[in-house]
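Contents: one structure, followed by commentary.
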Amino acid sequence: MTKMIYPGQTIGIIGGGQLGRMMAVAAKEAGYKVAVLEPTMDSPCGQVADIRIVAPYDDEAALEELAEVSDVITYEFENIDYEGLKRLTEIAYVPQGAELVRITQNRVTEKAAIVEAGCPVAPYVVADTYEQLCESIEQIGFPCIIKTARGGYDGKGQQLLKSNDDLPFAKSLFDHSQCIAEGFVPFTKEISVIVQRNGHGETYCLPVGENIHVNHILHETIVPARITHDTATLAEEAAMKIADYLKLVGTLAVEIFVLEDGNIVINECAPRPHNSGHYSIEACNISQFTQHIRAVCGWPLRKPRLWAPSIMVNVLGQHVVALTNSISKYPDWSIHLYGKTEAKVNRKMGHVTIMTDDLNTALQKIKESGIWPE
Ligand code: AMP
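Sequential numbering from 165 applies to the sequence shown in this note's numbering.
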């Protein structure tokens, strides 16, 4: 049953990273209180929350405490313990349910769901062991990518294989979990659609973003994506189909490959606000975080509109000093830093959004500023 959660009530968030922080800021704008469950004391979300529960994400007593103080519970990442979340749905109001997490935290169930929803994926096989992989790999051929079913992100838990000789490189992936072998998709672009749905079935997509990765980490998102109208429509329709199939409540980020002929292949989904949607904070009439809060609180959703073409660039640990030096030079940059104390190399520390009709000049300035990866 969809409930209406009103300002003044408390939203519990599992996970204290930057996504939780930006959700919390959106919630606080509307007058909600925020509670966060996060094992570290000084987390990005903890810094802006009203209540901090400092404990591991699967700590039963901590989850019960979160249930007690919260009128609704959401999460900022998908690798939460499914059993714990399921128990939480019995003692608290978790409108997103636990199924969405169960399905999307495992590439095997996730791919099956995307196919069931009627959307295209790369050809793939599932292998429980390295030996099974060796037996079934010829169904996929080379090049292919082996991915652990669970726990991979930003290219971790993946191995590109160019020929039979490379197979041993994939062996250690099976220490982690079962794997899938996936045909290499000769994409021309990577795009993402953030689709958001409330418990009444109202569904909207944010404008399609074009994602450029460097060293497997998202470096920039360009909006609108430089794709044809037909491809954008295909992408939005696919995201809506998956959202409907999963009976989504909240947010689903759908990562998509675009082929030379304009067709699409769905790569993967994340059941939460996504790095590639950060541009929406300034560049849209509703941010992905505000829409997410509306969705889990049972509010009507707003049809997203893009105010202006934009580029969002991630700020990694090695870029923080360059960014700080840029503040006085670039008044048109919207600067977001997540309050993380340790600026480790490749750690996402913040992002910058630039709204501009002149993408090339914006890119040039970003490069000059030094927040461009080597
Ligand atoms: P993932 O963790 O599945 O998002 O993969 C990380 C990155 O690896 C993607 O953003 C792509 O750039 C690349 N990649 C993943 N799967 C494939 C594939 N089947 N074909 C080509 N590139 C891929």
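Note that beta-carbon positions come from the ideal geometry of N, C-alpha and C, so glycine has one too.
Limits of the beta strand (DSSP E) - the one that residue i falls within
| i | result |
| --- | --- |
| Phe-421 | 414-422 |
| Tyr-368 | 367-369 |
| Asn-431 | 428-434 |
| Val-258 | No beta strand (DSSP E) contains Val-258, which DSSP labels as neither H nor E. |
| Arg-216 | 215-217 |
Opposing strand residues paired with residue i [DSSP bridges]
| i | result |
| --- | --- |
| Gln-173 | Pro-171 |
| Ser-356 | Gly-373 and Glu-419 |
| Ala-345 | Val-289 and Ile-310 |
| Trp-497 | Ile-518 |
| Glu-384 | Ile-376 and Val-477 |
| Lys-197 | Thr-174 |
| Thr-238 | Ile-177 |
| Leu-470 | Cys-448 |
| Leu-324 | Ile-309 |
| Lys-512 | Leu-480 |
| Arg-107 | Residue 107 lies beyond the stretch modelled for the chain, which goes from 165 to 538, so this question has no answer here. |
Span of the alpha helix (DSSP H), counted from its first residue to its last, around residue i
| i | result |
| --- | --- |
| Arg-271 | 271-280 |
| Gln-528 | 523-533 |
| Glu-254 | 246-255 |
| Ile-445 | 444-447 |
| Gln-296 | 294-300 |
| Asn-489 | 484-490 |
| Ala-231 | 224-233 |
| Tyr-409 | 393-409 |
Q: Decide if the stretch 478-485 is in contact with the stretch 454-461; the criterion is three or more beta carbon pairs, one per stretch, under 8 Å apart.
A: Cβ pair count under 8 Å is below three, so no.
**Q.** Contact the stretch 387-404 vs the stretch 425-433: 3+ CB pairs below 8 Å
**A.** Here the stretch 387-404 lies against the stretch 425-433, with 3 or more beta-carbon pairs under 8 Å apart.
Q. Do three or more CB pairs link the stretch 405-412 to the stretch 231-246 at distances below 8 Å?
A. At 8 Å Cβ cutoff, the stretches do not touch.
Q | the stretch 407-416 in contact with the stretch 459-475 per 3-pair CB rule at 8 Å | A | Contact holds: three or more Cβ-Cβ distances are below 8 Å.
(Q) Count Cβ pairs between the stretch 268-279 and the stretch 204-216 that sit closer than 8 Å; are there 3 or more? (A) No, the stretch 268-279 is not in contact with the stretch 204-216.
Q) Given 8 Å as the limit, is there contact between the stretch 320-339 and the stretch 363-370, that is, 3 or more CB pairs closer than that? A) No contact exists between the stretch 320-339 and the stretch 363-370.
(Q) With three or more C-beta pairs closer than 8 Å as the rule, is the stretch 369-377 touching the stretch 336-343? (A) At 8 Å Cβ cutoff, the stretches do not touch.
Q) Touching or not, the stretch 262-273 and the stretch 309-317, by the rule of three or more beta carbon pairs under 8 Å? A) They touch, by the three-pair rule.
Q) Does the stretch 508-526 come within contact of the stretch 217-237, defined as at least 3 CB pairs closer than 8 Å? A) Below 8 Å, too few C-beta pairs join the stretch 508-526 and the stretch 217-237 to call them touching: fewer than three.
Q.
Measuring CB atoms only, is the stretch 186-198 touching the stretch 377-386, in the sense that at least three cross pairs come out at less than 8 Å?
A. Verdict: no, contact absent.
Q) Below 8 Å, can you find three or more Cβ-Cβ pairs linking the stretch 189-196 to the stretch 444-455? A) They touch, by the three-pair rule.
Q: Decide if the stretch 469-477 is in contact with the stretch 511-522; the criterion is three or more beta carbon pairs, one per stretch, under 8 Å apart.
A: At 8 Å Cβ cutoff, the stretches touch.
Q: Tell me, please, whether the stretch 437-450 touches the stretch 465-474 by the rule of three or more beta-carbon pairs shorter than 8 Å.
A: Because the criterion of three Cβ pairs below 8 Å is met, the stretch 437-450 and the stretch 465-474 touch.
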